[in-house]
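Asks: Going by the numbering used here, the first residue of the sequence shown is number 841, and it counts up by one from there.
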Amino acid sequence: MRRSSIFVPLCVILVIVGTFGCRSTDTSGDSSQTYDVVIYGGTSAGVSAAVQARRMGKTVVIVCPDEHLGGLTAGGLGWTDSGRKEVIGGVSREFYQRVKKHYDKPEAWVHQEPGDYSRYRADDDAMWVFEPHVAERTFEELVAEYDIPVFRDEWLNRKGGVRKKGSRIVYITMLSGRTYRGRIFIDATYEGDLMATAGVSFHVGREGNDVYGETLNGVQTRKAVSHQFEEPVDPYTKPGDPDSGLLPRIHGGSPGEEGKGDHRVQAYNYRMCLTKVVEN
841 MRRSSIFVPL
851 CVILVIVGTF
861 GCRSTDTSGD
871 SSQTYDVVIY
881 GGTSAGVSAA
891 VQARRMGKTV
901 VIVCPDEHLG
911 GLTAGGLGWT
921 DSGRKEVIGG
931 VSREFYQRVK
941 KHYDKPEAWV
951 HQEPGDYSRY
961 RADDDAMWVF
971 EPHVAERTFE
981 ELVAEYDIPV
991 FRDEWLNRKG
1001 GVRKKGSRIV
1011 YITMLSGRTY
1021 RGRIFIDATY
1031 EGDLMATAGV
1041 SFHVGREGND
1051 VYGETLNGVQ
1061 TRKAVSHQFE
1071 EPVDPYTKPG
1081 DPDSGLLPRI
1091 HGGSPGEEGK
1101 GDHRVQAYNY
1111 RMCLTKVVEN
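(1) Using DSSP with H/G/I as helix, E/B as strand and the rest coil, what is Val1059?
(2) Can you give the Cα-Cα distance for Asp1033 and Arg998, rounded to whole angstroms?
(3) Decide if Met1112 is buried, meaning its Cβ has at least 16 other Cβ atoms within 10 Å, or exposed.
(4) Rounded to the nearest angstrom, what separates Thr867 and Asp1102 at their Cα positions?
(5) Does the pairing of the region 912–919 with the region 1053–1072 give three or more beta-carbon distances under 8 Å?
(6) Any idea what DSSP makes of Val852, helix, strand or coil?
(7) On a Cα-Cα basis, can you pick out the residue from Ser1041, Lys941, Lys1116, Pro989 that is closest to Gln873?
(8) Would you mind sorting Glu1097 into buried or exposed? The rule is 16 or more other CB atoms within 10 Å of its CB.
(9) Put Lys1100 into one of helix, strand or coil per three-state DSSP.
(10) From Arg895 to Gly910, what does the alpha carbon distance come to, in whole angstroms?
(11) Under 8 Å, do Pro905 and Trp995 count as touching if we go by C-beta distance?
(12) I'd like to know whether the C-beta atoms of Val1010 and Arg1021 end up nearer to each other than 8 Å.
(13) Let me check understanding here. Comparing Cα to Cα, which of Ala1038, Lys1100, Met1035 lies closest to Asn1049?
(14) Return yes when the Cβ of Val1002 is within less than 8 Å of the Cβ of Ala814, no when it is not.
(15) Inspect the CB distances between the region 979–989 and the region 950–966 and report whether three or more fall short of 8 Å.
(16) Terminal residues of the continuous alpha helix (DSSP H) containing Ser1041?
(17) Return the bridge partner residues of Phe991 from the DSSP annotation.
(18) Which residue's Cα is closest to the Cα of Val931: Val887, Pro1095, Lys945?
(19) Leaving aside the five residues before and after Ser1084 along the sequence, list all residues of the same chain whose C-beta is less than 6 Å from its C-beta, in chain order.
(20) Note down, in chain order, each residue of its chain lying with its Cβ closer than 6 Å to the Cβ of Glu1119, except the 5 sequence neighbours on either side.
(21) Can you grab the Cα-Cα spacing for the pair Tyr957 / Ser1016, in whole Å?
(22) How should Asp1074 be labelled, buried or exposed, when 16 other C-beta atoms within 10 angstroms of its C-beta is the threshold for buried?
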């Protein structure tokens, strides 16, 4: 499990709308069934919410635009920025504990010994660094264990695809024409399309400090001392020639006034697992 990865910070917002009263497990769709919980998004947050709902005796379905479960966790972000790990509990910790059990098996180590990998500690109850395919397999095992139906490659119709009664969502319609009815709807995507289509207020970018009386929000140039390029990167269309103009998506101005908000979003990117081991 020798890997080098590049990571960016990420905030995942899980929005719940409503009230109580992906290759699919079942691809047919059933517009007549009303689930207790309909989760739009097969991210790690979506799977965790589905598992917890099942444990509480609720009927639940995951409807996701993606083919793969797990979001970034299974899509290349195999390093967890966990900080103080003792505060992580619930389904989240159980996921990391299941990952640890995988790496406790000798057959999980093909190209090196576990003792040679500093992030693996035999006496720990969880493992926070892992291969993305192990994460995806773990999420698949969870939905299978709790018999959670998953409908994949299902995209919300953002033009009238949310039917509401008052302030409550009754059902959602996909681009495929399938509908999913529920008592509670959770938007567990990264983009928040269900939230936006349902008319929930939101903000794109950074909010300023003055919005909620904070001190660490908005533009924070004075604290931007980490995650800088170690080697200079030429930003010009013609290398070394400022007159040739900047490359696309690069601007040469200030990021903005300190502490003020903006409408910029974090760059989307591909994550890859890299290795120096030829046979891997």
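Cβ atoms here follow ideal geometry from the backbone N, Cα and C, with glycine treated the same way.
Replies: Looking at the atomic coordinates:
(1) coil
(2) 7 Å
(3) exposed
(4) The predicted model places Thr867 with a pLDDT of 42, which falls under 50 and marks its position as unreliable; any figure quoted below should be read in that light. Each residue's Cα considered, the two are about 41 Å apart.
(5) no
(6) For Val852, the pLDDT reaches just 37, beneath the cut-off of 50, and the residue's location in the model is therefore unreliable, although a value from the coordinates is still provided. It is coil, neither helix nor strand.
(7) Pro989
(8) exposed
(9) coil
(10) 19 Å
(11) yes
(12) yes
(13) Lys1100
(14) The displayed coordinates of the chain run from 841 to 1120. Any statement about residue 814 would go beyond what the structure contains.
(15) no
(16) Unbroken run through Ser1041: none, as it is neither H nor E.
(17) Val903
(18) Val887
(19) Tyr1076, Thr1077, Lys1078
(20) none
(21) 46 Å
(22) exposed
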